[in-house]
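**Student:** Per the working numbering, the sequence shown starts with residue 44, numbered consecutively.
Note that the Cβ used here is the ideal one computed from N, Cα and C, for glycine as well.
None of the values given here were measured: they were computed from a predicted structure.
Sharing a structure, written as structure tokens. Questions coming.
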Amino acid sequence: MKRLAAALALPLVFGLLSGCSGDDGGDDGSGSGRLTVLAAASLTDVYEEMATGFEKATGAEVTFSFGSSTDLAQQVADGAPGDVLATADQTSMQVAEDAGVTGDVETFATNVLTIVTPPDNPAGIRSLDDLEGATWVRCSDEAPCGRVALAVLEANGVTAEPASLEDDVRATLDKVTSGEADAGLVYASDAVAAGDSVATVEIPGAEHQLTSYLTTTLEQGKDADLAQEWVDYVLSDKGQAALADAGFSAP
């Protein structure tokens with residue numbers, strides 16, 4: 044139902060924009076009609092929802108590459124193709140900015156860390172302290188979710204070592220939903236996306252270790268107008284509402 048709601052709502056936002064990119068794919072070379080968005084793994088579900096209505100409104104085709112923000116930013120800095128970049132922290136976006144491949148950078152959401160466990164919580168995880176002796180996982184130190192996890196653990200005096208370090212937050216979540224881990228540290232939005240597949244344990248004070256999401260168009264993009272339309276939607280009231288429904292917080 045959420046995907047359907049997004050599909051119905053987005054055309055209202057983009058009705059006036061659809062003429063900018065056109066349905067013909069820009070045969071004269073002024074626009075490709077195709078949009079490639081490189082985005083943090085934690086944006087997977089909400090961005091795919093947004094794309095449904097965006098494609099109907101603009102006649103464009105949206106392709107995503109989801110992964111670690113750090114890896115994606117380095118890829119675009121090295122010249123990898125793409126029209127839009129969205130990262131889960133400033134540190135990653137700075138890599139792309141320093142390379143001179145970004146347009147205006149906008150902050151569009153924030154997120155907090157939470158603990159997820161299998162639905163029956165077999166290890167009895169009730170707080171960060173319970174991670175000691177449990178099989179738990181988090182993101183690698185290089186990924187934004189890993190940097191936030193390190194800050195939260197340090198702030199709470201937790202020294203328990205994870206069973207593994209994952210490439211991104213979705214890989215961390217998968218370890219829990221597959222039953223390979225007793226717990227994982229993921230973003231609140233990932234817990235929402237997982238639904239009944241996980242139980243959630245909030246971390247008191249986690250809001251003091253917010254991570255900010257930033258987005259920008261890319262110099263190597265093939266359709267600057269279409270890329271800006273996507274960024275504008277993410278920043279619009281409708282886009283912000285979709286993000287809130289997905290468990291993200293306001294910028």
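#1: Any beta carbon from chain C within less than 8 Å of Asp233's own beta carbon?
#2: Helix or strand or just coil, what does DSSP make of Ala236?
#3: Sorted by chain position, which residues of the same chain lie with C-beta nearer than 6 Å to Gly264's C-beta, five sequence neighbours on each side aside?
#4: Given that a residue counts as buried once 16 or more other Cβ atoms are within 10 Å of its Cβ, and exposed if not, what is Asp280?
#5: How far does the beta strand (DSSP E) with Ser183 in it reach, from first residue to last?
#6: Give me the residue from Gly248, Thr153, Ala94 and Leu253 with the minimum Cα distance to Ala103.
#7: Compare the beta carbon distance of Leu171 and Leu193 with 8 Å and say whether it is the shorter of the two.
#8: Quick one, which of Thr145, Ala289, Ala100 and Phe107 has its alpha-carbon nearest Asp121's?
#9: So what does Val229 bridge to, in DSSP terms?
#10: So, with DSSP's three-state summary, where would you put Thr101?
**Tutor:** In short, the structure shows the following:
#1: In summary, chain C is missing from the structure at hand, where a single protein chain is found.
#2: Helix, per DSSP.
#3: Within the same chain, Gly264 has close Cβ partners Asp126 and Ala270.
#4: Exposed is the call here.
#5: Run containing Ser183: none; DSSP gives neither H nor E here.
#6: Checking every option, the nearest Cα to that of Ala103 belongs to Ala94.
#7: Not in contact: Leu171 and Leu193 (Cβ atoms no closer than 8 Å).
#8: Of the candidates Thr145, Ala289, Ala100 and Phe107, the residue whose Cα lies closest to the Cα of Asp121 is Thr145.
#9: Beta-bridge pairing links Val229 to Thr157.
#10: Here Thr101 sits in helix by DSSP.
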